[in-house]
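Only one structure is covered here, and it is reproduced in the block below.
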Amino acid sequence: MFCKRNPIAFSDYFSSKGSLVIHKASSVSVATDSSTMSISETLQKDFKSSPKIHDLHSQTREMYVYGDFKKSNRNNCIRYVIKDSTGEMEVVVSGHLSKVNCMIGDTVRLVCFELTSNVGDWFLRAVRYSNME
């Protein structure tokens, strides 16, 4: 089971656009005491913090984004505007994610969303493995 303080080990994987990609030949197992690794507190802190929307707008390439954001408002159920103290950004979802029940002001966790642009406007887009809680 994947949970905090229960380290796991991956084999035969590759990286794509900053994400770990697991395929049929990959294996995932519980890590033994001898195979665990130490992760610096700075790296852990960076991983746990949500990116600021201002920083997302300043990106020059597409990337995947993870983090907690507050839903602000939108008229239909598949386009949201998220806000933080540095700005706001649109989130586009479809399929099963359009049925996520959240209200204005709720905090939502976005998992594996792609940062992409359309004529210079950056937004977050749900992709195949995206999840929203």
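Quick note: the sequence shown uses full-length UniProt numbering, first residue 1, plus one each step.
Idealized CB from N, CA, C, for every residue including glycine.
- Assignment of residue 98 by DSSP, reduced to helix, strand and coil, places it in the helix class.
- For residue 97 and residue 85, the gap between their C-alpha atoms comes out near 25 Å.
- Counting C-beta atoms within 10 angstroms of its own C-beta, residue 14 has fewer than 16 neighbours from the protein chains shown and is therefore classed as exposed.
- Comparing alpha-carbon positions, the option among 125, 110, 101 lying closest to residue 116 turns out to be 125.
- Within 10 angstroms of the beta-carbon of residue 27 lie fewer than 16 other beta-carbons, which makes it exposed.
- Spatial neighbours of residue 10 in its own chain (CB-CB distance under 8 Å, excluding positions within 5 residues in sequence) are listed in chain order as 20, 22, 26, 27, 28.
- Annotated three-state conformation of residue 121 is strand, per DSSP.
- Pairing residue 79 with residue 100 gives a Cβ-Cβ distance that is not under 8 Å.
- The secondary-structure analysis by DSSP pairs residue 116 across a beta bridge with 123.
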